[in-house]
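Encoded as structure tokens, the structure appears first; notes follow it.
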Amino acid sequence: MERYLTQLLADLRAITRERQNRCGTTTDHYSLNEAGRPIKDFATYQAELHQFFYGEGEGSMYREIGLLPEAFPPAPRLTDAQLRALVSQILDVWTAYRIIPTVPAGISPRRLYPELLRIMHEPFQDPGEDGWIQQEFCHFLPEECPWDPEFCSCCWTDGEAE
Ligand SMILES: [Zn+2]
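Shown next, in the form of structure tokens:
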């Protein structure tokens with residue numbers, strides 16, 4: 001596992017670097033006319049481009065970074081130290097792709113890891129250099145909250161807050 005993980009971490013670092021070094025996405029260049037003005041609004045342009053390349057809708061984060069979900073070992077097979085390294089590297093990839101995760105303080109890598117992998121299945125659209133994506137995990141429905149009750153404010157009742 002250790003050798004496999006070393007390779008995976010190196011690949012994730014390369015993905016992070018590649019995204020950091022990309023000066024705007026290629027689509028940014030072609031969405032402007034010669035005067036540098038947007039041909040149409042950027043979201044519409046990106047949606048049409050994705051439609052053209054992929055036939056339907058948006059891709060997932062996995063497709064974006066070119067790794068299959070199976071590349072990520074299940075949490076029970078990893079030690080705490082391995083999980084910490086892997087979660088840290090995945091978050092570096094997210095930062096390079098301009099995704100800011102909203103995670104309560106104190107969440108362990110073992111709890112966070114499967115949630116990161118789950119979110120990466122969802123439709124993802126690279127914001128280019130234009131903005132950031134705020135990634136929520138909890139939608140303030142305690143029954144669907146992925147975190148333990150003591151960590152997430154959605155589970156705190158008014159009574160307990162006093
Ligand atoms: Zn919550």
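With full-length UniProt numbering as the guide, the letters of the sequence shown map in order to residues 1 to 162.
C-beta: ideal position from N, C-alpha, C; glycine also.
Classify residue 19 as buried or exposed, calling it buried when 16 or more other Cβ atoms lie within 10 Å of its own Cβ. The count along the sequence shown starts at 1 and reaches residue 19 at position 19. It is buried - the Cβ of residue 19 has at least 16 other Cβ atoms within 10 Å.
Looking at the structure shown, is residue 134 part of a helix, part of a strand, or coil, going by DSSP? Position 134 of the sequence shown, counted from the start, is the residue given in the question as residue 134. Three-state result, residue 134: strand.
Give the DSSP-derived three-state secondary structure of residue 146 in the structure shown. Your numbering for residue 146 matches position 146 in the sequence shown. Looking at residue 146 - three-state DSSP - the assignment turns out to be coil, as it is neither helix nor strand.
Assign residue 78 to one of three DSSP states: helix, strand, or coil. The residue you call residue 78 lines up with position 78 of the sequence shown. If DSSP states are grouped into helix, strand and coil, residue 78 belongs with coil.
Would you tell me roughly how many angstroms separate the C-alpha atoms of residue 2 and residue 79, rounded to the nearest one? What you label residue 2 is simply residue 2 of the sequence shown in a count that begins at 1. What you label residue 79 is simply residue 79 of the sequence shown in a count that begins at 1. Cα to Cα, residue 2 sits roughly 10 Å from residue 79.
In three-state DSSP terms, what is residue 9? Taking the sequence shown and counting its residues from 1, one reaches residue 9 at position 9. If DSSP states are grouped into helix, strand and coil, residue 9 belongs with the helices.
Residues bridged to residue 99 (per DSSP): Stepping through the sequence shown from its first residue, residue 99 is reached at position 99. BP columns for residue 99 point to 133.
I'd like to check one pair, residue 135 with residue 100: are the Cβ atoms closer than 8 Å? If you number the sequence shown from 1, residue 100 lands on position 100. If you number the sequence shown from 1, residue 135 lands on position 135. A distance below 8 Å separates the beta carbons of residue 100 and residue 135.
In three-state terms, what does DSSP make of residue 60? Position 60 of the sequence shown, counted from the first residue, corresponds to residue 60. The answer is strand: DSSP assigns residue 60 an E or B state.
Euclidean distance between Cα positions of residue 93 and residue 132: Indexing the sequence shown from 1 puts residue 93 at position 93. Indexing the sequence shown from 1 puts residue 132 at position 132. Taking the straight line from one Cα to the other gives about 13 Å.
Touch check for the segment 108-121 and the segment 67-77: three-plus C-beta pairs under 8 Å? Yes, the segment 108-121 touches the segment 67-77.
Check this for me: beta carbons of residue 124 and residue 66, under 8 Å apart or not? Against the sequence shown, residue 124 aligns to sequence position 124. Against the sequence shown, residue 66 aligns to sequence position 66. Cβ atoms of residue 124 and residue 66: not closer than 8 Å.
Which two residues bound the contiguous alpha helix (DSSP H) that contains residue 119? What you label residue 119 is simply residue 119 of the sequence shown in a count that begins at 1. Note, residue 119: alpha helix (DSSP H), 109-119.
Helix, strand or coil at residue 69 according to DSSP, with G and I counted as helix: Locating residue 69 in the sequence shown gives position 69, where the first residue counts as 1. Of the three classes helix, strand and coil, the one that applies to residue 69 here is helix, per DSSP.
Near residue 138, what residues of its chain come up, given a Cβ to Cβ distance below 6 Å and the 5 sequence neighbours on each side ignored? Here residue 138 corresponds to residue number 138 of the sequence shown, with the count starting at 1. Beyond the five residues adjoining it in sequence on each side, residue 138 comes within less than 6 Å, by CB distance, of 145, 152, 154 in the same chain, given in chain order.
With a threshold of 8 Å between beta carbons, is residue 94 in contact with chain D? Of the protein chains in the structure, only one exists, and it is not chain D.
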